[in-house]
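J.: Could you have a look at this structure, given as structure tokens, before my questions?
Numbering (the numbering used here), first residue to last: 108 to 439.
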């Protein structure tokens, strides 16, 4: 079971990417716009907890993950790790202890792996760059341990192989092993199974859950797939156009969703069971609007079949609709 102590907190987090205006705009003095990729979210993650961040493409999920792993600098808000404010910490030397404890698993394993390096060197790279081993014997031990934990055993059989010699599932396990090698306390997994066959997905999910159970590693699991999130997560946070619209336990969000967007995500998948609520809502229409032109009011209202005048004018606050269950909807 996860510890109740927070390992990570995001407070009013914003990531706005400026849009450089054209010459005509500058001559007329028009203000430059911005892509509001993440627009003021609050999220916490407990030690050993699995939280799924769910939303369509363009919702801002990956940007949140890249902020946590210090690959993107936030525009505003705070990133707290074990109570320490990491928001403004920069530079390889200053971030070395943080990168030791926070790792990311990327979506495309084939692109994440250097095709010219052996599996041993790929998994060993973070250990070398973070200077976590003193000799080759320690290096071999840690690489073997990581490969075994990721389900590649016996590890010695993979040392001299190259990424192109492995299956898609095995390549994803190598990516996981690379993250595990440094013995992190938090892993951000960005759509780690979306490019794998259905038959392989369950195996990778089992590896991730086993890591939590064995090593008490916290996991932020980023996905567009609500049922998949339900299978692995303790809690689910639903993100739409840079805003959290609903958050609660995995069971509550999946079986009793209260925001129309969550309901639409739920209804777009095969029936799981439980009190779905508003089950007669039609499937989602259209695409997520551009984060450079966020609608006024509730940002979901252009696609929401239940929207009324207030939704178009005022942004709803998140309100408690159940124990530790929040939804940002005027009808919640």
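Every residue gets a Cβ at the ideal spot worked out from N, C-alpha and C, and that includes glycine.
In this text, all values refer to a predicted model and were calculated from it rather than measured experimentally.
Let me know if residue 110 comes out buried or exposed under the rule of 16 or more other beta-carbons within 10 Å of its beta-carbon.
T.: Note that residue 110 scores 49 on pLDDT, short of 50, meaning its location in the model is unreliable and no value can be drawn from it.
J.: Within the same chain, show all residues whose beta-carbon is closer than 7 angstroms to that of residue 189, passing over the 5 residues directly before and after it, in chain order.
T.: Contacts found: 114.
J.: In the structure shown, what three-state DSSP assignment does residue 304 receive?
T.: The answer is coil: DSSP assigns residue 304 none of H, G, I, E or B.
J.: Excluding the five sequence neighbours on either side, which residues of its own chain have a C-beta within less than 7 angstroms of the C-beta of residue 410, listed in chain order?
T.: Closer than 7 angstroms at Cβ, skipping near neighbours: 391, 392 and 393.
J.: Could you have a look at residue 432 and say whether DSSP puts it in helix, strand or coil?
T.: Residue 432 falls in the strand class under three-state DSSP.
J.: Buried or exposed for residue 178, please, with buried defined as at least 16 other CB atoms from any protein chain shown within 10 angstroms of its CB.
T.: Exposed: under 16 other Cβ atoms inside 10 Å.
J.: Report yes if the CB atom of residue 294 is closer than 8 angstroms to the CB atom of residue 324, and no otherwise.
T.: A contact, by the Cβ cut-off of 8 angstroms.
J.: Is the number of C-beta pairs between the segment 309-320 and the segment 189-201 that are closer than 8 angstroms three or more?
T.: The segment 309-320 vs the segment 189-201: no contact.
J.: What is the DSSP secondary structure of residue 123, counted as helix, strand or coil?
T.: Residue state, collapsed to three classes: strand.
J.: I'd like the ranges of any alpha helix (DSSP H) spanning at least 4 consecutive residues and lying wholly in the segment 238-276.
T.: With a minimum length of 4 residues, the continuous alpha helix (DSSP H) runs that stay inside the segment 238-276 are 243-256.
J.: Go ahead and pull the three-state DSSP assignment for residue 342.
T.: The answer is strand: DSSP assigns residue 342 an E or B state.
J.: In the DSSP assignment, find the unbroken alpha helix (DSSP H) run with residue 218 in it and report its ends.
T.: 216-219 is the span of the alpha helix (DSSP H), which, as asked, contains residue 218.
J.: Looking only at its chain, what residues have a beta carbon closer than 6 angstroms to the beta carbon of residue 381, apart from the 5 residues adjacent to it on each side?
T.: Because the pLDDT of residue 381 is 48, which lies under 50, any placement of that residue in the model is unreliable, and the number read from its coordinates should be weighed accordingly. Only 362 meet the Cβ criterion.
J.: Please confirm if the segment 355-375 is in contact with the segment 166-186, defined as three or more CB-CB distances below 8 angstroms between the two stretches.
T.: Verdict: no, contact absent.
J.: So, helix, strand or coil for residue 332, using DSSP?
T.: Correct three-state label for residue 332: coil.
J.: Hey, would you say the C-beta of residue 259 is under 7 angstroms away from at least one heavy atom of the ligand ADP?
T.: Among the components of this structure there are no ligands whatsoever, and the ligand ADP is therefore not found.
J.: Let me make sure I understand the geometry here. Which of 262, 329, 205 and 350 has the alpha-carbon closest to that of residue 239?
T.: Per the Cα distances, 205.
J.: For the structure I just gave you, are there three or more beta carbon pairs, one from the segment 262-272 and one from the segment 298-309, closer than 8 angstroms?
T.: With a cut-off of 8 angstroms, the segment 298-309 and the segment 262-272 do not count as touching, because too few Cβ pairs lie within range.
J.: Kindly give me the distance between the Cβ atoms of residue 366 and residue 434, rounded to whole angstroms, as I take these residues to be in contact under 8 angstroms.
T.: Confirmed, Cβ separation roughly 5 angstroms.
J.: Closer than 8 angstroms, CB to CB, is residue 367 near chain B or not?
T.: Among the chains in the structure shown there is no chain B, since it carries only a single protein chain.
J.: Does DSSP put residue 356 in a helix, in a strand, or in coil?
T.: Residue 356: strand per DSSP, three-state reduction.
J.: Taking the continuous alpha helix (DSSP H) assigned at residue 206, which residues delimit it?
T.: Per DSSP, residue 206 belongs to the alpha helix (DSSP H) from 199-208.
J.: Does the separation of the CB atoms of residue 157 and residue 328 fall below 8 angstroms?
T.: It is a contact, given that the beta carbons lie within the stated cut-off.
J.: How many angstroms separate the CA atom of residue 280 from the CA atom of residue 243?
T.: Each residue's Cα considered, the two are about 23 angstroms apart.
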